[in-house]
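**Q** First the structure, which I've put down as structure tokens, then a few questions once you've had a look.
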Amino acid sequence: MELDKPIEIIHINSGGESSLMLQPRNLIILEKNSKAQILESHYSLVGKNDKSPYTYPGFIDPLTNTLTEIHVKENANLDYYKIQMI
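Counting in this note's numbering, the sequence shown runs from 2 upward without gaps.
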């Protein structure tokens, strides 16, 4: 199986007034003869731009411990991209 469009995994955090820990887990499995493109992105809204309505000035950025486990079986092809905007 071949996907026509990429899969996008988006992580967005807004932090909090106290310490916070996030531990997302992604499990990606490509079966035999499959093909996919995956884009994983991480965004933080914590106090980056105090004038933007989309940020939270004064909030504490959480500790994020992301685990992405990938299994690619025989003759499968995966293009995987990870972007961190924090």
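Where a beta carbon is used, it is the ideal one built from N, C-alpha and C, also for glycine.
1) Given that a residue counts as buried once 16 or more other Cβ atoms are within 10 Å of its Cβ, and exposed if not, what is Ile30?
2) Take the Cβ of Ile84 as the centre, count every other Cβ of all protein chains shown within 10 Å, and call the residue buried at 16 or more, exposed below.
3) My understanding is that Asp80 touches Gln38, with C-beta atoms under 8 Å, so please give their C-beta distance in whole angstroms.
4) With H, G and I counted as helix, E and B as strand and the rest as coil, what does DSSP make of Lys74?
5) Taking the beta strand (DSSP E) that Glu9 falls in, what are its first and last residues?
6) Relative to the C-alpha of His43, which candidate in Thr65, Ser35 and Met2 has its C-alpha closest?
7) Pick from Thr69, Asn78, Ala77 and Asp62: whose alpha carbon is nearest that of Glu41?
8) On the premise that Pro63 lies in contact with Leu21, defined as a C-beta separation below 8 Å, what is that separation, rounded to the nearest angstrom?
**A** Let's see:
1) exposed
2) Answer is exposed; the Cβ neighbour count stays below 16.
3) 4 Å
4) DSSP, reduced to helix, strand and coil, places Lys74 outside both helices and strands of the structure shown, so it counts as coil.
5) Run containing Glu9: Ile8 to Asn14, per the beta strand (DSSP E) assignment.
6) Thr65
7) Thr69
8) The Cβ separation is near 4 Å, so the contact holds.
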